[in-house]
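Residue numbers (our numbering), protein chains in the order written: chain A, 86 to 523; chain B, 86 to 523.
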């Protein structure tokens, strides 16, 4: 996941820029005012059941932290989430959910039945199982007081543990909801997964036609509500050439040079701050041996924007850079044994969109943030919510509470100091319960 | 291996440039004139035994080709030569050599005793077992008439098979020599091996104090005599940075950019044609995932020159480029989470040097080339001979005969059409026998 922090006014502006007038966003529910949302959340929070659930989260806090550590230490690289998924499925079962299962894509889930008729609308709350870190990354958790350090611990393993805490708290408090709630640990949120987990959930899964609202809990920051979907385009470009002996074939074109020029030229692009637009030259590989001119070098890049227009512009610039880099290398060195060429493969493509600001799920989540004592930070991001948003299903991405930083870096960390951690958890719990009554 | 083709006059010039006056090159034997060398080679070639040996190579030609294919199809990446080494050791044994063994480094060898006293001087002829191609490369030989296509087939697998042909031919012809001849299949000639096989042979091996002359048979071209050692410097540079989320941490320094700048700037260097000086940006890797700013990207480069001064100049330029690329990236993007740095590791360092042109091994090999009907092409290269040359031991690298091309590329090939193939083989045989009588 990642999301930008931005005041609500700016989001409204951005949604207007995206052409998302309220009338166009069907299926996101009847508009709700901020005052109505505040009342709905207050109704939830003022029940003895809610108080009892929060008291249980407090008592259960050490266990939630322990489960965060247990799950973090089960590696879950993209497409290799199975071991962690099996462990999490067992935890969902132990927490007392029904219909616990792993679907064909590898998502695991369990249902908490509401009081409404079976087969009715479902509110989903999901956290993703995968991390960005490749096989072999040391995922041992290092603890310093309340600070826990490990790759993937905040993005998104803590959220998995918080969902388990919610299930146990709701049961301990004997809280019932009208709608069913589906708790999900999903695969494929990060990079190469390209949202395969939620894509399956919404297009193939057994609940696909019943999902009335979707929360993705991703990252820690509790005041943040991600209702805008940042679009992305990702490429893997393979530069190919004839290759040859570094000394004997000296002077032949080198695909490494075309890759280097592409990296340098892409890193010269300046992007607008608003709408936020970013790129990264991120992964690279190739070559035969140190004493050979390589015959193939591949490069992966990531481009994102809150604006489809800016994304399209960046995309076009990148493709032109690749072409120019190839032409430049073929003009600079000998093509006697063959030219350099580039094979461009689109490996990720996420649509830009938004759940509108006055949709009930956004209003209610903002009210839950306020009720916990925070100021809501609305923003856009590239998270599992992109998928339901692209399908017109109400969705936001929320935080798991506590603090954290350095997501996607080896020195990623979270702080589980209890007051802040617990306070943050109440946001998701109140928003979930309020949406389960609508 | 690789070697440049150059007329003898140019080599003399180059040796003078290198400061290798005759008096400095000790241990390479008493000077020999071209006429004396021609007489010595004629003495060998005019014996009935030599004629019988060549007749045997002719009859044995299909087997030599079959063994070339068998050995080529056993993958032998750098540091993974063991399977091919074991197969070759069995072939050395089957060919009837004595004292067949694998040494501690993985070289395999067998002795053909001469008529001189046991423990006397030994003439070594070696071919290297390793190829540049990594694990998983398809090494299946594709045959089209007399043309055989496969990675590593000419560099240097054919030479291994030709050595076996020599052993059988000498035995069939009942040819004896004064000196012992050691037939070697050695490891570690290519790139990362950094001459570990011959280094062991000359500094640790059981014959290390007995080697009077060294032939490396490497590549096909029979007229070529490599007596100059092209020096090389090889680096693996690891660019490191803080890493982070491609969207959330956008704006942080990216080690990929520093790598890209290094590749682009190095590929802008122009090097002199004479003394031949080359470089290659050859192997690259790194990155966490497509949606992360990488925390480490490594790059391997190869630099070579016939001149130590030019090599030192190139080396300095490269190191300055790396420094400037790192500084540029740190000046261009944010170092808030840490700067980009470069860890520079020297992974290969071969000295420049030469066996002087009037040393017996060079004169005799040139005479053997002429006697077969070719014009000698003296030159410099980076081959197993670099090691003995650096130790002052007479050494040249010669060809296995036939024709070939595209060494170090996946479309490497050789042509085993018999007249040319056989004619080429007589060069090494005559030179070897003449040196074994000195």
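From the three backbone atoms N, C-alpha and C, an ideal C-beta is built for every residue, glycine too.
Just tell me which of the options has its CA closest to the CA of residue i.
i	options	result
residue 187 of chain B	B:290, B:345, B:467, B:378	B:290
residue 190 of chain A	A:408, A:226, A:284	A:284
residue 485 of chain A	A:517, A:471, A:475	A:517
residue 261 of chain B	B:405, B:373, B:293, B:137	B:137
residue 436 of chain A	A:258, A:475, A:333	A:475
residue 604 of chain A	A:294, A:214, A:278, A:402	Lying outside 86 to 523, the shown extent of chain A, residue 604 of chain A is not represented and no answer is given.
residue 154 of chain B	B:522, B:505, B:500	B:500
residue 326 of chain B	B:316, B:320, B:344, B:175	B:344
residue 438 of chain B	B:519, B:294, B:480	B:480
residue 299 of chain B	B:211, B:400, B:320	B:211
residue 245 of chain B	B:259, B:396, B:394, B:193	B:193
residue 350 of chain B	B:357, B:337, B:364, B:360	B:364
residue 498 of chain B	B:407, B:450, B:356, B:232	B:232
residue 357 of chain A	A:396, A:368, A:303	A:396
residue 160 of chain B	B:450, B:504, B:419, B:215	B:215
residue 175 of chain B	B:398, B:204, B:280, B:270	B:270
residue 368 of chain B	B:385, B:204, B:145	B:385
residue 179 of chain B	B:152, B:203, B:204, B:168	B:152
residue 221 of chain A	B:125, B:203, B:373, B:274	B:373
residue 504 of chain A	A:464, A:139, A:118, A:359	A:139
Can you tell me the Cβ-Cβ gap for residue i and residue j, rounded? I've got them flagged as a contact below 8 Å.
i	j	result
residue 217 of chain B	residue 467 of chain A	So it is not a contact: roughly 41 Å between Cβ atoms.
residue 308 of chain B	residue 454 of chain B	5 Å
residue 268 of chain B	residue 177 of chain B	6 Å
residue 452 of chain A	residue 116 of chain A	Not really, about 14 Å apart at Cβ, beyond 8 Å.
residue 318 of chain A	residue 434 of chain A	6 Å
residue 200 of chain A	residue 263 of chain A	6 Å
residue 370 of chain A	residue 379 of chain A	Contact flag wrong, Cβ pair sits at about 10 Å.
residue 181 of chain B	residue 256 of chain B	6 Å
residue 127 of chain B	residue 457 of chain B	The Cβ separation is near 12 Å, so there is no contact.
residue 272 of chain A	residue 381 of chain A	Contact doesn't hold; Cβ gap of about 30 Å is too wide.
residue 295 of chain B	residue 206 of chain B	6 Å
residue 487 of chain B	residue 243 of chain B	7 Å
residue 235 of chain B	residue 288 of chain B	The pair is not a contact, with the Cβ atoms about 33 Å apart (cut-off 8 Å).
residue 280 of chain B	residue 472 of chain B	5 Å
When you compare only the Cα positions, how much space is there between residue i and residue j?
i	j	result
residue 417 of chain A	residue 410 of chain A	10 Å
residue 247 of chain B	residue 143 of chain B	12 Å
residue 229 of chain B	residue 496 of chain B	13 Å
residue 339 of chain B	residue 301 of chain A	29 Å
residue 195 of chain A	residue 388 of chain A	35 Å
residue 64 of chain B	residue 329 of chain A	Chain B is shown from 86 up to 523; residue 64 of chain B falls before or after that span and cannot be answered.
residue 266 of chain B	residue 286 of chain B	14 Å
residue 346 of chain B	residue 334 of chain A	23 Å
residue 276 of chain B	residue 362 of chain A	42 Å
residue 173 of chain B	residue 213 of chain B	11 Å
residue 405 of chain A	residue 414 of chain A	14 Å
residue 375 of chain B	residue 223 of chain A	19 Å
residue 108 of chain A	residue 184 of chain A	With a pLDDT of only 29 at residue 108 of chain A, under the threshold of 50, the placement of this residue in the model should not be trusted, and no figure is reported.
residue 423 of chain B	residue 366 of chain B	27 Å
residue 197 of chain A	residue 148 of chain A	21 Å
residue 548 of chain B	residue 165 of chain B	Since the first and last residues shown for chain B are 86 and 523, residue 548 of chain B lies out of range.
residue 522 of chain A	residue 448 of chain A	14 Å
residue 111 of chain A	residue 292 of chain A	Reliability of the predicted coordinates at residue 111 of chain A is poor, the pLDDT of 36 falling under 50, and no value is obtained from them.
residue 430 of chain B	residue 428 of chain A	32 Å
residue 341 of chain B	residue 226 of chain B	38 Å
residue 352 of chain B	residue 421 of chain A	18 Å
residue 506 of chain B	residue 146 of chain B	9 Å
residue 282 of chain B	residue 407 of chain B	31 Å
Tell me whether residue i counts as near the ligand NAP, meaning its Cβ is closer than 7 Å to at least one heavy atom of that ligand.
i	result
residue 190 of chain A	No copy of the ligand NAP occurs in the structure displayed, which carries no ligand at all.
Inspect the CB distances between the stretch 490 to 499 of chain A and the stretch 237 to 251 of chain A and report whether three or more fall short of 8 Å. Flag = yes, the stretch 490 to 499 of chain A and the stretch 237 to 251 of chain A touch.
Tell me the start and end of each unbroken beta strand (DSSP E) in the stretch 401 to 489 of chain A that is at least 3 residues and wholly inside, in chain order. 426 to 435, 462 to 466, 480 to 483
Which of the residues in the stretch 355 to 369 of chain A, read from start to end, lie with their CB under 7 Å from any CB of chain C? Of the protein chains in the structure, A and B, none is chain C.
Quick test of the definition: if touching needs 3 or more C-beta pairs under 8 Å, does the stretch 431 to 445 of chain A touch the stretch 303 to 318 of chain A? yes
Are the stretch 248 to 257 of chain A and the stretch 498 to 515 of chain A in contact at 8 Å, needing three or more beta carbon pairs? yes
Could you give the uninterrupted runs of the beta strand (DSSP E) lying entirely in the stretch 311 to 373 of chain B, keeping only those of 3 residues or more? 316 to 325, 362 to 371
So within the stretch 120 to 163 of chain B, which uninterrupted alpha helix (DSSP H) runs reach at least 4 residues, ignoring any that extend past its ends? Assignment of alpha helix (DSSP H) within the stretch 120 to 163 of chain B, counting only whole runs of 4 or more residues, yields 133 to 144, 146 to 157 in chain order.
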